[in-house]
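All remarks here apply to the structure that follows.
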Amino acid sequence: MKKFTQLLVAGLMLGSAISAFAGPDWATIELARKAKQTAYVQQQAEAPASAAASAPATAQPAHDHMTCPPPAPSKQLDHGPRATTSPYITAKRQAEYEAAQQACRDAGM
């Protein structure tokens, strides 16, 4: 009985440890990434054609459009040695936000 219990415990340990060695399916990930990229390229190719057909002749370019007031920058609570944001990035976002606010004030919007 002791031998059977040892074999059962060893089998359960081995069965649970096998999943730790399983890795991501890189082939599936690459296929999904390529499909997403081709869909994006097709969307970008269709977007200018459909926008030109439906836009009136006196429409302004999209880069001249400014939303006032600009959306406030989000301040993420991200700390630690591997933080995705840094004080530099936060200060840069704040400076861009203030510049956009000043541009709105200058435009009189």
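My numbering puts the sequence shown at residues 8 to 116. Cβ atoms here follow ideal geometry from the backbone N, Cα and C, with glycine treated the same way.
Min CB distance residue i to chain D below 8 Å
| i | result |
| --- | --- |
| Ala42 | Annotation note: the requested chain D is absent from the structure, which comprises a single protein chain. |
Proximal residues to residue i (C-beta, below 7 Å), its chain only, five neighbours per side dropped
| i | result |
| --- | --- |
| Ala79 | Tyr104 |
Cα-Cα separation between residue i and residue j, rounded to whole angstroms
| i | j | result |
| --- | --- | --- |
| Gly93 | Gln83 | Before going on, a small fix: residue 93 reads as Ser here, not Gly. Their backbone Cα atoms lie some 10 Å apart in a straight line. |
| Ala114 | Gln108 | 10 Å |
| Thr74 | Cys111 | 8 Å |
| Asp85 | Lys9 | 52 Å |
| Val16 | Arg89 | 39 Å |
| Asp32 | Leu19 | 25 Å |
| Ala24 | Leu14 | 15 Å |
| Gln49 | Ala34 | 23 Å |
| Ala29 | Gly22 | 12 Å |
| Lys99 | Ser81 | 12 Å |
| Gln44 | Thr12 | 53 Å |
Host alpha helix (DSSP H) of residue i (start-end)
| i | result |
| --- | --- |
| Lys9 | Lys9 to Phe28 |
| Ala106 | Pro94 to Ala114 |
Cβ-based neighbour list, residue i, same chain, cut-off 8 Å, excluding 5 preceding and 5 following
| i | result |
| --- | --- |
| Thr91 | Gln83 and Asp85 |
| Pro77 | Tyr104, Ala107, Gln108 and Cys111 |
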